[in-house]
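Trainee:
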Ligand code: MF3
Ligand code: CO
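Residue numbers (the numbering used here): 22 to 258.
Now the structure itself:
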């Protein structure tokens with residue numbers, strides 16, 4: 022899983038470098054597909070429940086599962102979440118980043134990205150043997166809400182291994198001490214989805230793209246994290 026995790030990170034780094042005004046989300050998709058081929062990895066998302074692409078690219082108020090398209094051309098001031106999964110020798114890796122389309126991002130959006138990424142690390146810090154899944158979710162939720170943003174309820178993180186989605190579900194909310202106990206060797210995909218405004222969501226007519234109900238912007242960061250005797254180990258570093 023370290024190998025699939027490293028490849029996911031390489032693909033994300035490669036795609037991040039071509040995010041700029043005028044690039045379409047299909048340009049990102051093609052770059053990712055090419056890179057996966059080069060690295061000998063199989064895309065994890067393409068064909069999963071008929072999902073058509075190797076990336077999810079979600080712009081502004083899109084939370085997750087945006088479908089790359091020639092028609093979606095990035096503009097200055099936007100934010101785009103790039104979510105990527107691969108499988109290598111039967112083991113899955115899954116990670117996401119949200120990046121500004123140009124440097125000059127509105128300060129409140131900069132804060133949204135910073136808080137979302139920091140909330141991921143709060144969650145990772147709870148991925149400890151003997152803790153509960155609720156400890157991860159509570160750590161994410163408390164940090165996000167203390168900063169004035171909200172966490173999405175309808176989409177959650179997950180166990181990951183020889184399948185993309187395994188038990189347990191890993192919500193970005195919860196109560197400390199509640200839920201499945203974490204054991205040595207479990208790997209969790211922790212993936213806070215954080216809305217600037219209200220937490221509500223809806224899914225567009227394409228049946229995939231999840232957007233905020235209030236139209237506010239949303240950010241998403243994800244890592245795969247192994248629960249070990251030495252503490253949490255980030256596999257998608
Ligand atoms: N990172 C997302 C997840 O864990 C991406 C899945 S997209 C899908 O659910 F197409 F594969 F469903
Ligand atoms: Co995931």
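All residues carry an ideal CB built from backbone N, CA and C; glycine is no exception.
A quick note: this is a predicted structure, and the numbers were derived from the prediction, not measured.
Assuming residue 42 contacts residue 95 (C-beta within less than 8 Å), just tell me the rounded distance between them.
Mentor: As a position in the chain shown, residue 42 is number 21, starting the count at 1. As a position in the chain shown, residue 95 is number 74, starting the count at 1. Contact holds; Cβ gap of about 6 Å.
Trainee: According to DSSP, what are the bridge partners of residue 216?
Mentor: Taking the chain shown and counting its residues from 1, one reaches residue 216 at position 195. In the DSSP output, where bridge partners are listed per residue, residue 216 has 171 and 239.
Trainee: According to DSSP, is residue 83 helix, strand or coil?
Mentor: Here residue 83 corresponds to residue number 62 of the chain shown, with the count starting at 1. It is a strand residue.
Trainee: Contact between the segment 122-137 and the segment 234-252 is defined here as three or more beta-carbon pairs at a separation below 8 Å; is this criterion met?
Mentor: Yes: at least three Cβ pairs fall under 8 Å.
Trainee: Go through the residues and name those whose CB comes closer than 7 Å to any heavy atom of the ligand MF3, in chain order.
Mentor: Working through the chain, the matches are 65, 66, 69, 70, 72, 77, 85, 86, 104, 106, 115, 117, 179, 185, 186, 210, 212 and 243.
Trainee: Exposed or buried, what is residue 194 when buried is set at 16 or more other beta-carbons lying within 10 Å of its beta-carbon?
Mentor: Looking up residue 194 in the chain shown gives position 173. The residue is buried, with at least 16 neighbouring Cβ atoms inside 10 Å.
Trainee: When you compare the CB positions of residue 78 and residue 60, do they come within less than 7 Å of one another, or not?
Mentor: Numbered from its first residue, the chain shown carries residue 78 at position 57. Numbered from its first residue, the chain shown carries residue 60 at position 39. Their beta carbons are not under 7 Å apart, which means residue 78 does not touch residue 60 by this criterion.
Trainee: In its own chain, which residues sit with a C-beta less than 7 Å from the C-beta of residue 35, not counting the 5 before and 5 after it?
Mentor: One-based indexing of the chain shown puts residue 35 at position 14. Answer for residue 35: 52 and 56, listed in chain order.
Trainee: Please go through the same chain and pick out, in chain order, the residues whose beta-carbon is closer than 6 Å to the beta-carbon of residue 168, but skip the five residues on each side of it.
Mentor: Numbered from 1 along the chain shown, position 147 holds the residue referred to as residue 168. The answer, listed in chain order, is 136.
Trainee: Give me the DSSP bridge partner(s) of residue 178.
Mentor: Translated into positions along the chain shown, residue 178 becomes position 157. 191, per the DSSP bridge assignment.
Trainee: Relative to the C-alpha of residue 123, which residue among 216, 221, 37 and 192 is closest?
Mentor: Stepping through the chain shown from its first residue, residue 123 is reached at position 102. Of the listed residues, the one whose Cα sits closest to residue 123 is 37.
Trainee: What residue does the alpha helix (DSSP H) around residue 244 start on, and which one ends it?
Mentor: Position 223 of the chain shown, counted from the first residue, corresponds to residue 244. That residue, residue 244, is in no alpha helix (DSSP H); its beta strand (DSSP E) goes 244-249.
Trainee: Given that a residue counts as buried once 16 or more other Cβ atoms are within 10 Å of its Cβ, and exposed if not, what is residue 160?
Mentor: By one-based count along the chain shown, residue 160 stands at place 139. So residue 160 ends up on the buried side.
Trainee: In or out: residue 258 buried (at least 16 other Cβ within 10 Å) or exposed?
Mentor: As a first step, residue 258 is located in the chain shown; it is residue number 237 there, counting from the start. Exposed, because fewer than 16 other Cβ atoms sit within 10 Å of the Cβ of residue 258.
Trainee: For the alpha helix (DSSP H) containing residue 34, list its first residue and its last residue.
Mentor: As a working note, residue 34 is residue 13 in the chain shown. That run of the alpha helix (DSSP H) goes 23-37.
Trainee: Are three or more beta carbon pairs between the segment 61-69 and the segment 97-110 nearer than 8 Å?
Mentor: Touching, per the Cβ criterion.
Trainee: Indicate the three-state DSSP secondary structure (helix, strand or coil) for residue 45 in the structure shown.
Mentor: Looking up residue 45 in the chain shown gives position 24. Strand at residue 45.
Trainee: Any heavy atom of the ligand NAD closer than 6 Å to the beta-carbon of residue 27?
Mentor: The ligand NAD is not part of the structure shown, which contains the ligand MF3 and the ligand CO as its ligands.
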